[in-house]
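K.L.:
Mind looking over this structure? Questions follow.
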Amino acid sequence: MKKKVLIALLALTVAVSAMGCGSKKSDSEDSTKAKTESSSEEEKTAEEVETDSDGHVVAVDTDDITKYVTLGDYKNLSVKVPKTEVTDDSISEYINEQLTYKPEEITEDRAVQENDTVNIDYTGYMDGKEFSGGSATDTDLLIGSGQFIDGFESGLIGAKKGDEVTLNLKFPDPYQNNPDFSGKDVQFKVKINKISQPAELTDEWVSNNSDVKTVDEYKAEVKATLETSADMEYNNNKKSNLFEALVNKTEISEYPDDLMEAAKEKVEKQFENYYAKPSGMTLDEYWKSQSITEDQASQYIEAQAQTNLKQNMIVQAVLDAEGITFTKDEYREQLDKFAKEYGFKDAEALEQAYTDAELVKDNVLWSKVCDILEKYGTITDVAEDETTDETATDSNTAESSDSTETTADGETQTAN
Numbered sequence: 025m026k027k028k029v030l031i032a033l034l035a036l037t038v039a040v041s042a043m044g045c046g047s048k049k050s051d052s053e054d055s056t057k058a059k060t061e062s063s064s065e066e067e068k069t070a071e072e073v074e075t076d077s078d079g080h081v082v083a084v085d086t087d088d089i090t091k092y093v094t095l096g097d098y099k100n101l102s103v104k105v106p107k108t109e110v111t112d113d114s115i116s117e118y119i120n121e122q123l124t125y126k127p128e129e130i131t132e133d134r135a136v137q138e139n140d141t142v143n144i145d146y147t148g149y150m151d152g153k154e155f156s157g158g159s160a161t162d163t164d165l166l167i168g169s170g171q172f173i174d175g176f177e178s179g180l181i182g183a184k185k186g187d188e189v190t191l192n193l194k195f196p197d198p199y200q201n202n203p204d205f206s207g208k209d210v211q212f213k214v215k216i217n218k219i220s221q222p223a224e225l226t227d228e229w230v231s232n233n234s235d236v237k238t239v240d241e242y243k244a245e246v247k248a249t250l251e252t253s254a255d256m257e258y259n260n261n262k263k264s265n266l267f268e269a270l271v272n273k274t275e276i277s278e279y280p281d282d283l284m285e286a287a288k289e290k291v292e293k294q295f296e297n298y299y300a301k302p303s304g305m306t307l308d309e310y311w312k313s314q315s316i317t318e319d320q321a322s323q324y325i326e327a328q329a330q331t332n333l334k335q336n337m338i339v340q341a342v343l344d345a346e347g348i349t350f351t352k353d354e355y356r357e358q359l360d361k362f363a364k365e366y367g368f369k370d371a372e373a374l375e376q377a378y379t380d381a382e383l384v385k386d387n388v389l390w391s392k393v394c395d396i397l398e399k400y401g402t403i404t405d406v407a408e409d410e411t412t413d414e415t416a417t418d419s420n421t422a423e424s425s426d427s428t429e430t431t432a433d434g435e436t437q438t439a440n
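Per this note's numbering, residue 25 is the first one in the sequence shown, and the count goes up by one each step.
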């Protein structure tokens, strides 16, 4: 679960959609591998991160950050942080999810029901004609997952293996995946190839699907995994809330043109490496595949670049205020510490997973600054269901951190 939290952390500076689970192999590792392999051969290694004229690794390279940043009182922040407790119910919920997502084919002659996984072929029609992206074969679908449009999954309940079902449905309005389909009538013809149901928790299933042999061992392993995940999520939320509280107290008077242009280039490159290339597309082709216009893409890149630059400028302001600098060797020590904190053996292992050294550097320095904020700040643990909207007790807050919701990761499969 540690790498899952690291992905969320890296997403502070680019919308990277991947998941991992500690040092164990998971389906998501294929996604991470694809992203890594797609990275440009020109990407910097950690030894090649940019430095300033004094040879220091910096968040932003400027002579006097105080010309642009009026730093808030970072030594007196007070935040609330939700703390998740691992319970028997949460352990059971996790195990049930695993049993559902690793189903067993049924042999008896029974109909599809909720939580079954069906293997289907389907063809979509609009105005009596097949349409692009509306058909697929040999597709597994968990009934009740909400993966497809309303009525698709529920319309298969009651069907049996070998049945052919006709579904007369309507696309939602609006339909983000393809705005041209919004509100339109659609017909799907679906064939049920196979029906599977959630597996039973047995020693045999445990042995086939985990590194342990018995149900009791598996439950203990799940508990340890969830506790590790909860701790990592707590620490990440703590850092995020502290930094957000500082952002709310900090003013940026100007974004220097040279830094802004560099930030936009980084965001564009990250979208190309993490989204377009793994899909075998150029960046322009990727935007078009997501129904994003050139103007929309440009606006998003600029907004995301400003968000990233704002973060880095505040990070640099704190480092300067504390008199902290990093030579390349000293940065390497911070990188190794950061890697181990997020479940990697060492810095080299992290670099193999994430070859964008500048992106990693931004997060290493951000994490270091958050440690500084924690040293000075006051942390109050709260129950997970308590509100944490107000992260600082000072009501006189400045403009909150810029945020832009990505629209670039929409599903491409039309039926969902």
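Ideal Cβ placement from N, Cα and C applies to all residues, glycine included. The model shown is predicted, which means the values in this text are computed figures rather than measured ones.
1) Can you find the residues in the same chain that come closer than 6 Å, C-beta to C-beta, to Trp390, ignoring five residues on each side of it along the sequence?
2) Considering only C-alpha positions, which residue in the set Ala407, Glu408, Asp409, Leu397 is nearest to Asn100?
3) For Gln446, report the span of its beta strand (DSSP E) as first-last.
4) With respect to the beta strand (DSSP E) encompassing Asp164, which residues constitute its N-terminal and C-terminal limits?
5) Verify whether the separation of the beta carbon atoms of Val93 and Met337 is less than 8 Å.
6) Of the choices Asp235, Asp164, Asp360, Ser206, whose alpha-carbon is the least far from that of Pro196?
7) Between Lys126, Gly152, Glu154, Thr131, which lies nearest to Thr141 when the distance is taken from Cα to Cα?
8) In or out: Ser156 buried (at least 16 other Cβ within 10 Å) or exposed?
9) Please name the residue or residues paired with Asn143 in a DSSP beta bridge.
10) Go ahead and pull the three-state DSSP assignment for Gly179.
11) Assign Ala287 to one of two classes, buried (16 or more other C-beta atoms within 10 Å of its C-beta) or exposed (fewer than that).
12) Give every residue of the same chain whose Cβ lies closer than 7 Å to the Cβ of Asp76, excluding the five residues on either side of it in the sequence, and list them in chain order.
13) Enumerate in chain order the residues of its own chain whose CB-to-CB distance from Phe368 is below 7 Å, with the five nearest sequence positions on each side excluded.
14) Whole angstroms is fine: what's the gap from Glu423's alpha carbon to Phe267's?
15) Cutting at 6 Å between CB atoms, please list the residues of its own chain near Tyr378, excluding the five before and the five after it.
16) Determine whether the beta carbon atoms of Val210 and Gly170 lie at a separation below 8 Å.
17) Rounded to a whole number of angstroms, what is the C-alpha to C-alpha distance between Glu251 and Asp386?
18) What three-state label does DSSP hand Thr75 in the structure shown?
19) What residue range does the beta strand (DSSP E) around Asn201 cover?
20) Measure the C-alpha to C-alpha separation of Glu188 and Glu132 and round it to an integer number of angstroms.
21) Could you pull out every unbroken alpha helix (DSSP H) segment of at least 4 residues lying fully inside the segment 316-402, listed in chain order?
22) What residues match up with Met305 in a beta bridge as DSSP calls it?
23) Within 10 angstroms of its Cβ, does Ala432 collect 16 or more other Cβ (buried), or is it exposed?
24) Report the residue from Ala183, Asn143, Lys399 whose alpha carbon sits nearest the alpha carbon of Asn217.
25) Rounding to the nearest angstrom, what Cα-Cα distance links Lys361 and Thr404 in this structure?
26) Using the rule of at least 16 other Cβ atoms within 10 Å of the residue's Cβ for burial, across every protein chain shown, is Thr274 buried or exposed?
27) Within this structure, are the beta carbons of Leu270 and Tyr98 separated by less than 8 Å?
28) For a cutoff of 8 Å on Cβ pairs, would you count Gly170 as touching chain B?
29) Excluding five sequence neighbours on each side, which residues of the same chain lie with their C-beta closer than 6 Å to the C-beta of Glu292?
30) Among residues of its own chain, excluding the 5 on either side of Gly175, which ones have a beta-carbon nearer than 6 Å to its beta-carbon?
31) Could you check what DSSP says for Ser102 in three-state terms: helix, strand or coil?
32) Within 10 angstroms of the Cβ of Lys399, are there 16 or more other Cβ atoms? Answer buried if so, exposed if not.
33) Check the DSSP bridge columns for Asp112 and list the partner residues they point to.
34) Cβ atoms of Lys262 and Val105: under 8 Å apart, would you say?
35) With DSSP as the reference, identify every bridge partner of Ala407, one or two as the case may be.
36) Would a C-beta distance cut-off of 8 Å place Glu128 and Ser220 closer than the cut-off?
P.N.:
Taking the definition as stated:
1) Residue 390 sits at position 366 when you count from the first residue of the sequence shown. Val339, listed in sequence order.
2) Taking the sequence shown and counting its residues from 1, the one referred to as residue 100 is at position 76. Looking at the Cα atoms, Leu397 is the closest of the given residues.
3) Because the chain in this structure spans residues 25 to 440, residue 446 falls outside the shown range and cannot be described.
4) Counted from its first residue, the sequence shown places residue 164 at position 140. 160-166 is the extent of the beta strand (DSSP E) around Asp164.
5) Taking the first residue of the sequence shown as position 1, residue 93 is located at position 69. Taking the first residue of the sequence shown as position 1, residue 337 is located at position 313. Yes, they are a contact pair.
6) Here the question's residue 196 lines up with position 172 in the sequence shown. Closest option to Pro196, Cα to Cα, is Ser206.
7) Residue numbering aside, residue 141 sits at position 117 when the sequence shown is read from its first letter. Of the listed residues, the one whose Cα sits closest to Thr141 is Lys126.
8) Mapped onto the sequence shown, residue 156 falls at position 132. Exposed.
9) Counting from 1 along the sequence shown, the entry for residue 143 is found at position 119. Asn143 pairs with Asp164, Lys218.
10) If you number the sequence shown from 1, residue 179 lands on position 155. Gly179 falls in the helix class under three-state DSSP.
11) Working through the sequence shown from its first residue, we reach residue 287 at position 263. Under this definition Ala287 is a buried residue.
12) The residue given as residue 76 occupies position 52 in the sequence shown. Val82, Asp85.
13) As a first step, residue 368 must be located in the sequence shown, where it is residue number 344. Cβ neighbours of Phe368 beyond the five flanking positions: Leu374.
14) As a working note, residue 423 is residue 399 in the sequence shown. As a working note, residue 267 is residue 243 in the sequence shown. Only weak support exists for where Glu423 lies, its pLDDT of 42 falling under 50; the coordinates are left without a value.
15) Counting from one through the sequence shown, the residue named residue 378 turns up at place 354. Closer than 6 Å at the Cβ level, and outside the excluded window around Tyr378, lie Val384.
16) Taking the first residue of the sequence shown as position 1, residue 210 is located at position 186. Taking the first residue of the sequence shown as position 1, residue 170 is located at position 146. No.
17) Working through the sequence shown from its first residue, we reach residue 251 at position 227. Working through the sequence shown from its first residue, we reach residue 386 at position 362. Distance between the alpha carbons of Glu251 and Asp386 is about 28 Å.
18) Start at 1 with the first residue of the sequence shown, and residue 75 comes out as number 51. Residue state, collapsed to three classes: strand.
19) In the sequence shown, the residue the question calls residue 201 occupies position 177. First-last for Asn201: undefined, no H or E at that position.
20) Residue 188 sits at position 164 when you count from the first residue of the sequence shown. Residue 132 sits at position 108 when you count from the first residue of the sequence shown. Spanning the two alpha carbons is a distance of roughly 19 Å.
21) 318-346, 352-365, 371-377, 381-400
22) As a working mapping, residue 305 is identified with position 281 in the sequence shown. Met305 is not bridged to any residue.
23) Stepping through the sequence shown from its first residue, residue 432 is reached at position 408. Unreliable placement is indicated for Ala432, whose pLDDT of 34 sits below 50; no coordinate value is reported for it.
24) Position 193 of the sequence shown holds residue 217. Taking only the C-alpha atoms, the option nearest Asn217 is Asn143.
25) The residue you call residue 361 lines up with position 337 of the sequence shown. The residue you call residue 404 lines up with position 380 of the sequence shown. Their backbone Cα atoms lie some 25 Å apart in a straight line.
26) The residue you call residue 274 lines up with position 250 of the sequence shown. Its Cβ being crowded by 16 or more others within 10 Å, Thr274 is buried.
27) Walking along the sequence shown from the start, residue 270 turns up at place 246. Walking along the sequence shown from the start, residue 98 turns up at place 74. Yes.
28) Among the chains in the structure shown there is no chain B, since it carries only a single protein chain.
29) Position 268 of the sequence shown, counting from 1, holds the residue named residue 292. Correct list, in chain order: Ile325.
30) If you number the sequence shown from 1, residue 175 lands on position 151. Cβ within range, chain order: Leu193.
31) As a position in the sequence shown, residue 102 is number 78, starting the count at 1. Three-state DSSP puts Ser102 in a strand.
32) As a first step, residue 399 must be located in the sequence shown, where it is residue number 375. Exposed, because fewer than 16 other Cβ atoms sit within 10 Å of the Cβ of Lys399.
33) Here residue 112 is taken as the residue at index 88 of the sequence shown, counted from 1. Paired residue(s): none; Asp112 is not in a bridge.
34) Counted from its first residue, the sequence shown places residue 105 at position 81. Counted from its first residue, the sequence shown places residue 262 at position 238. Taking 8 Å as the Cβ cut-off, Val105 and Lys262 qualify as a contacting pair.
35) For this step, residue 407 is matched to residue 383 along the sequence shown. Bridge partners of Ala407: Lys107.
36) Numbered from 1 along the sequence shown, position 104 holds the residue referred to as residue 128. Numbered from 1 along the sequence shown, position 196 holds the residue referred to as residue 220. Their beta carbons are under 8 Å apart, which means Glu128 touches Ser220 by this criterion.
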